[in-house]
Structure formats: C-alpha cells, structure tokens
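Peer 1: My questions will all concern the structure given below.
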Amino acid sequence: MATITVPIKRKFNFKKSFLPYLYLLPAFIVLGVITFYPLIYQVIISFTDFQTKDLLLGLNSPKLNQIGLQNYIDIITGGLPVQNFDFFRVLTYNVWWALTNVMVHVPAGVLIAVLMNVKGVWFKKFYRAIYVLPVVIPPIVVATIWRNIFDEQYGAMNQAISFISQIFGNVDPVKIRWLFEYKPPIPWLLPNGPLPLAYYAMMIANFWLGWPFMVLVATGALQSIPKELYEAASIDGASRSFQFWNITVPLIRPAMIPAAVYGFTMSFNLFNFVFFMTGGGPARSTEILVTFAYDLVRNLRLYGAAGAFSVIIFFVALTIFLITNRITKATESYTES
Amino acid sequence: MRKTNWLQQILTQISLLVIGLYVMVPIWGAIRLAFDGSLKSRPVEFRLFPKELSLKPFLSVLDRPYQSVDFVDLLKNSLIVSLGAALIALVLGASLAYAFARYRFPGRKPALFVLLFAAMLPPVAFMTPLYIVLSMVQLRTTLLGLTLVYVTFALPFCIWNMRAGFQSVAKELEEAAFLDGANSLQTFWFVSLPLSLPSITIAGLIAFLMGYSEFAMGWLFVSNAETVTLAMSIYAMVQSGNAQPWSILASMFIIMSIPIVIVFAVLQNTLLDRMLFVSQKK
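From first to last, the protein sequence lines stand for chains H and A. Residues 543 to 879, numbered by the working numbering, are exactly what the first sequence covers, in order. Residues 5 to 286, numbered by the working numbering, are exactly what the second sequence covers, in order.
Below is the structure:
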C-alpha cells in the first residue's frame, strides 16, 4: 500500500521542548554541587601534596606544593608509605569480589522468587516477611553480627562445624581462624591475589545480605508477567522448564540485568560491610578500593594520594560502566532496546 | 498461575524453610545477645538461648547509649538525616527519572550516561572535597550537610529504580489521560505516579536505609555530639571494643532495626497489593 506523506506543519513548541530540561534541572544542580564539583576538586588535589594543615583553606592554602604525577606513580608502583599495598592486587580482588557476589546473588534470587511465586504455596506471606529482613536491617549491624559468627573461639560457625565433626568422631573443637588466616585455601583460584579464608567468610555473609534484594526485584518482575502467557503455554503442552526458560527468563531479564549491574556496583563499593567485617585484613588481602581510599584519608591522612586514588577509582568505575552499559544498554530507552 | 501437587508443596516448603533458617541465624544471634544479662564484655561461649534472660541491656541503651547523648536525640538525628535524604532524593529523582522515561530531547543520551555513571562512583572517594566544600558553606557539622551527603548516596539508586517504574507504566494510559484533557503535570500526578508507586516506595525505602546506616562520612564530618546518629554511635561502640557488654551493642542493633522492620512489614502489604492491582487492571 502506498503511503501518502502529508506535510505536517511543525510549530516549534517552546514550552514542550523546554519541559524535560525543567524536570532535570533540580537533580543536576544537587549532583553538580555534591558530585561533579568535588570530582574536579579531587583531580586538582591529586596533583598536590595536600595535607591536614590544608584542610581548613582548601586550595587557597599557601604552602600547597604541586608535585605533578608523583601521587599516581606512588600508587601504581607501590611507593606509598603503606604496608602490604599493591594496587593491581587490590583492583583484581575488588573486581573478582563484586563479580563472584553477583554471580551467586542473581540466580539465587530468581530461583527463590520463582519458588515463592507458584500459586498455592503455604505461608507465602510469612516467608516473604522473613526473607526481606536482610534488606531491611542496616548493613552496619549485619557486618558486626557476621564478624561475631566467624569468631575463632566463640563464633557460631566454628561451633557448628565442631558439632558436625564430632558426629563423625572428631573430638577436638574446630578452631578455624576465618578472618585472620592469611594462607589461601585454594591458591590457584585468583593467581594475582590470594583469596584468604576471610574472602569465603565474607562471601557467605554478603550472600545473606545480597540475595533478598534480588528476590524483591525478581518478584516484582514476575508479577508483571501476564498469567495468560503461562496458560497459553501449558495448553500448548509446554513443560515447566520450557516455560521457565522461554517465558519467565526473557520477561524478567529487563528487570534483572539492571538489578545485577546495580548489585555489582554495590558489591564493588561495599564499604560499610567490608570495613566492619575485616577492615580489609588480613594483611590487606580483602581490601577493596573504597576501604583503602577511606584508610588513606582517615588514618594515613595522605589527602593528595587519596585524591589521586579517587581519580583512579573514577577511571576504574568508568571502564566498568562502559562495559555494563554495553550489557544493559541502560542509556537506551525502552522503545529502542 | 499453576497449581501445585503435594510433592512439590513439600519440597518447596522444605527449601523455603531452610532458607528462612539461614536468614534467621545472625538475627537470632543478635536477639539472644541482646537479652542476655550475664555478659560482662564480649560473648565467651556459644549459646542458642540467653544464659540469663534480662531486659537490662535494653534499659541501659534507652538510658544512655553513647557517651552523654540521649537515645532519643540519636534517634531524632538519624530520622532527620535519613528521612530528609530519602525525601529529597525521591523528589529530585522522580522528576528526573520521569523526564528520562518519557521525553525525547536533545542531550538526553549524554545526560543519562553521565547520571548513570555518577551512580557508579563511591561517595567515599569524595571525602576530602566534600569536607572542604561543606566547611566552606558552613554546613559540615550540621544535620543539613549530612542530609545532603546522603542524598548523593541515595539519588542514583532512586533514579534507576524509578525510571524503570515509570517505563513500566503503559504509555497508552498516559495517552488516554492526555486525550481526556489532562495536562502533563496532571498526567504525571494522577496516572504515572500512582501506577509506579511500588518502585517509588522501594526507592524511598532504600534511600532511607542508606542514610540510616551510614557512619563513615558522618564521623568524618561531625565534630560535636549533637549531630551524632544511631549508626555513628554503633560504630563508636564497636570501635571501643570490649569495654561494654556486647549485649548493649546487640540491643542497640535490635532497637535500631525494629522501626524499619515494622515500616517495611506495613509497606510490603500495600506494595504488593498495589502491584497486584496494577496487573489486574492491565
């Protein structure tokens, strides 16, 4: 059929084309003050030997020395006056930590959400109420509790293992130094940086913290799937696993991928939790970028180096963002994707 | 959806119960510590139930949890900071997320790119400049300054979540509203906002939680005892090590968590109802 193009008179509607910017303005002003301005400031600081005495006056401080790229060189070559610090090891560990966490949280979350979403499961509300607790309880509280659970002498974890090993005839109580043993149990797992027992302990603890969020997201997504699709599929004789892979998975993917990316970001920058659980120890082997940045400012008071470190974090984040953005196509709108 | 048979029901129940137990392990650990009046410092033995059931830890927390600051003041500070941050983040985020979800305008893609990228940046990386900036405008030691900092913590997540919420509202509904003569603000207020309420609520809750449990930035900025929040006082208690019985710490945990658990339990029902309502209507 031939289409007839009718020339539409396009009147420039000032109000309408201006409106979206009006919606954007407030948030961008706030972000400008609290995110973008400090970012630029951080870049300037990173080329100086900013110290405690300069905090009061900031960049107007009289005795601020420009030292060029020295801070960056120090960080990358390990020239900082900090023990056990190797930038690339921290970076590798950080990426690995975030990646492994998300890879466990998302499938677990989807699986449990699907389990609970089946019609006629008893006590659904009860389970839902319990499962949501980890999302709701402040992470600062959780990290402290978990540290106590992995305590060498009195922790619940060692007690439980002792109890089980006693059944198998082992008399000695098990005393695993979960958070302080440096020797990696599986040395080949991450060649660049050893993964101490604390890593596994933190994986267990962070799993507790992470999956319920994924259940929330997945449940929301599952409930938005029209039930007719499943009815039609079962009338056509599709098996449950077929339905899962061909209806459920594609339809919750638009919700789960951003959630996974968000989860990755959260784990990548999981300051509160890592800080409280191990403080980056033993020997900085579970240190992530943000805990080290905090250490640089709070304890070592190397503000210039911290600035450089933040700029490096910025570039790491940019790289990760470009990759994840490829995956999610987040900047594309829903009609395009 | 599908009905279950008996075997499935039992298997599902068992797995859900095991998961529930896993969730309860640390929580129960805190509860039993909180009610144990026999602790002198850190727990020296593992127990399932308190050795000496008592409410003493709770009473001492409510009396004077952190140095000389009243519990009520700590709670008040926490609520001001985290509610304020959540509210600001929601308002700013909602308008922004709506613009991105609904409008096409020049510069949309770069702006979205910058914004989503800003979400990747850890606020801890901005400590020094924030300290200086907030000092310059004389806000550093005030609750308002802390609130602003927590807005940046929360804003990116709010935008992400609410944008998805607005996108999930069927465009036809908005168009119908337009055809019925509603202007864009009315459409936003009466159609898009109520329909995406679940995602907005979740965004608000997470935003609230971020401020409620943040302590590191707080300790960096605050210099007087009047602006200490609950989370900050917990940090101080943990740092002070074993000087106090852990039962005090644990009861502090419980007290800190209970309000949010209740709020969420209430919200969760309306949240789910709302979601179901939407899906029925579609």
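All C-beta atoms, glycine included, are put in the ideal place defined by N, C-alpha and C.
In three-state DSSP terms, what is V29/A?
Peer 2: Counted from its first residue, the second sequence places residue 29/A at position 25. Helix, per DSSP.
Peer 1: Mind pulling the chain H residues with CB within less than 9 Å of Q190/A?
Peer 2: Start at 1 with the first residue of the second sequence, and residue 190/A comes out as number 186. Residues of chain H passing the Cβ test: none, with the nearest at roughly 14 Å.
Peer 1: Any beta carbon from chain H within less than 8 Å of Q243/A's own beta carbon?
Peer 2: Walking along the second sequence from the start, residue 243/A turns up at place 239. Output row for Q243/A: interface = no.
Peer 1: Quick one: what's got a C-beta closer than 6 Å to I258/A's C-beta in the same chain, skipping five residues either side?
Peer 2: Within the second sequence, residue 258/A is the residue found at index 254, counting from 1. Answer for I258/A: A38, listed in chain order.
Peer 1: In or out: R108/A buried (at least 16 other Cβ within 10 Å) or exposed?
Peer 2: For the purposes of this step, residue 108/A is taken as the residue at position 104 of the second sequence. With fewer than 16 Cβ atoms within 10 Å of its Cβ, R108/A is classed as exposed.
Peer 1: Determine the extent of the alpha helix (DSSP H) in which L606/H is found, giving its start and end residues.
Peer 2: If you number the first sequence from 1, residue 606/H lands on position 64. Careful: L606/H lies outside any alpha helix (DSSP H) and carries neither H nor E.
Peer 1: What in chain A is Cβ-close to V648/H, meaning under 8 Å?
Peer 2: Working through the first sequence from its first residue, we reach residue 648/H at position 106. In chain order: nothing, as chain A lies at least about 16 Å away.
Peer 1: Comparing alpha-carbon positions, which option in Y772/H, E770/H, M744/H, H647/H lies nearest I830/H?
Peer 2: Reading the first sequence from its first residue, position 288 is the one you call residue 830/H. The shortest C-alpha separation from I830/H is found at M744/H.
Peer 1: Exposed or buried, R826/H, counting other C-beta atoms within 10 Å across all chains shown (16 or more means buried)?
Peer 2: As a first step, residue 826/H must be located in the first sequence, where it is residue number 284. Classification for R826/H: buried.
Peer 1: Please state whether DSSP places L751/H in a helix, a strand or coil.
Peer 2: Walking along the first sequence from the start, residue 751/H turns up at place 209. In the structure shown, L751/H sits in a helix (DSSP, three-state: H, G or I).
Peer 1: Drop a sphere of 10 angstroms on the beta-carbon of W193/A, count the other beta-carbons inside from all chains shown, and report buried for 16 or more, exposed for fewer.
Peer 2: Translated into positions along the second sequence, residue 193/A becomes position 189. Flag for W193/A reads exposed.
Peer 1: At a CB-CB cut-off below 7 Å, which residues of chain A make contact with Y845/H?
Peer 2: Here residue 845/H refers to the residue found at position 303 when the first sequence is read from its first residue. Per Cβ cutoff of 7 Å: T132.
Peer 1: Is the stretch 179–193 of chain A in contact with the stretch 113–125 of chain A, if contact means three or more CB pairs nearer than 8 Å?
Peer 2: Not touching, per the Cβ criterion.
Peer 1: Taking the alpha helix (DSSP H) that Y584/H falls in, what are its first and last residues?
Peer 2: Position 42 of the first sequence, counted from the first residue, corresponds to residue 584/H. Correcting the residue type first, residue 584/H is Gln in the shown sequence and not Tyr. 579–587 is the span of the alpha helix (DSSP H), which, as asked, contains Q584/H.
Peer 1: Please state if the CB of G41/A and the CB of A58/A are separated by a distance shorter than 8 Å.
Peer 2: Translated into positions along the second sequence, residue 58/A becomes position 54. Translated into positions along the second sequence, residue 41/A becomes position 37. Residue identity differs from the one stated: residue 58/A is Ser in this sequence, not Ala. Yes. Within cutoff.
Peer 1: Please state whether the Cβ-Cβ distance between A158/A and Y836/H is less than 8 Å.
Peer 2: For the purposes of this step, residue 158/A is taken as the residue at position 154 of the second sequence. For the purposes of this step, residue 836/H is taken as the residue at position 294 of the first sequence. No, the pair does not count as a contact, with Cβ atoms beyond the cut-off.
Peer 1: By the 7 Å beta-carbon criterion, what residues does the stretch 826–838 of chain H contribute toward chain A?
Peer 2: Result list: V832, A835, Y836.
Peer 1: Put V155/A into one of helix, strand or coil per three-state DSSP.
Peer 2: Sequence index remark: in the second sequence, residue 155/A carries index 151 (1-based). Helix, per DSSP.
Peer 1: Counting contacts by CB-CB distance shorter than 8 Å, is Y614/H in contact with chain A?
Peer 2: Mapped onto the first sequence, residue 614/H falls at position 72. It does not; no Cβ of chain A falls within 8 Å.
Peer 1: Please determine, among G821/H, T820/H, N811/H, V656/H, the residue with the shortest C-alpha to C-alpha distance to Q785/H.
Peer 2: On the first sequence, residue 785/H is found 243 positions in, with the first residue counted as 1. Measuring from the Cα of Q785/H, the nearest candidate turns out to be V656/H.
Peer 1: What do you get for Y583/H, buried or exposed, if any count of 16 or more other CB atoms within 10 angstroms of its CB means buried?
Peer 2: The residue you call residue 583/H lines up with position 41 of the first sequence. By the 10 Å Cβ count, Y583/H comes out buried.
Peer 1: Looking only at its own chain, which residues have a Cβ that is under 8 Å from the Cβ of L633/H, when we skip the five neighbours before and after it?
Peer 2: By one-based count along the first sequence, residue 633/H stands at place 91. Answer for L633/H: L831, V858, listed in chain order.
Peer 1: Does T205/A have its Cβ less than 8 Å from a Cβ in chain H?
Peer 2: Position 201 of the second sequence holds residue 205/A. No, no contact with chain H.
Peer 1: Considering only their Cβ atoms, is the gap separating P681/H from L751/H smaller than 8 Å?
Peer 2: To locate residue 751/H, count along the first sequence from 1; it is residue 209. To locate residue 681/H, count along the first sequence from 1; it is residue 139. Cβ distance < 8 Å, so L751/H and P681/H count as in contact.
Peer 1: Tell me, please, whether the CB atom of F212/A is closer than 8 Å to any CB atom in chain H?
Peer 2: Taking the first residue of the second sequence as position 1, residue 212/A is located at position 208. No, no contact with chain H.
Peer 1: Between P727/H and chain A, is any beta-carbon pair separated by less than 8 Å?
Peer 2: The residue labelled residue 727/H in the question sits at position 185 within the first sequence. No, because no Cβ of chain A sits closer than 8 Å to the Cβ of P727/H.
Peer 1: Where do the N-terminal and C-terminal ends of the alpha helix (DSSP H) with R631/H fall, by residue?
Peer 2: For the purposes of this step, residue 631/H is taken as residue 89 along the first sequence, with counting starting at 1. That run of the alpha helix (DSSP H) goes 629–659.
Peer 1: Taking only the alpha-carbon atoms, compute the straight-line gap between I691/H and F705/H and give it to the nearest angstrom.
Peer 2: Reading the first sequence from its first residue, position 149 is the one you call residue 691/H. Reading the first sequence from its first residue, position 163 is the one you call residue 705/H. Distance between the alpha carbons of I691/H and F705/H is about 15 Å.
Peer 1: Give the DSSP-derived three-state secondary structure of L125/A in the structure shown.
Peer 2: The residue you call residue 125/A lines up with position 121 of the second sequence. DSSP places L125/A in coil when its eight states are reduced to three.
Peer 1: Cβ atoms of M756/H and V678/H: under 8 Å apart, would you say?
Peer 2: Here the question's residue 678/H lines up with position 136 in the first sequence. Here the question's residue 756/H lines up with position 214 in the first sequence. No, the Cβ-Cβ distance between V678/H and M756/H is not below 8 Å.
Peer 1: Under a three-way DSSP split, which group does F692/H fall into?
Peer 2: Here the question's residue 692/H lines up with position 150 in the first sequence. In this structure, F692/H counts as coil in the three-state DSSP scheme.
Peer 1: Rounded C-beta distance between A740/H and T686/H? I'm assuming under 8 Å.
Peer 2: Counted from its first residue, the first sequence places residue 740/H at position 198. Counted from its first residue, the first sequence places residue 686/H at position 144. So it is not a contact: roughly 15 Å between Cβ atoms.
Peer 1: What residues of chain A sit near M658/H, judged by a beta carbon separation below 9 Å?
Peer 2: Mapped onto the first sequence, residue 658/H falls at position 116. Ordered by position in chain A, the residues that pass the 9 Å Cβ test against M658/H are T16, L20.
Peer 1: Taking DSSP as the reference, what is the three-state secondary structure of V624/H?
Peer 2: Residue numbering aside, residue 624/H sits at position 82 when the first sequence is read from its first letter. V624/H falls in the coil class under three-state DSSP.
Peer 1: What's the C-alpha gap between L15/A and L52/A?
Peer 2: Position 11 of the second sequence, counted from the start, is the residue given in the question as residue 15/A. Position 48 of the second sequence, counted from the start, is the residue given in the question as residue 52/A. Between L15/A and L52/A, the C-alpha separation is close to 27 Å.
Peer 1: With a cut-off of 8 Å, do at least 3 Cβ pairs link the stretch 223–242 of chain A to the stretch 163–178 of chain A?
Peer 2: The stretch 223–242 of chain A vs the stretch 163–178 of chain A: no contact.
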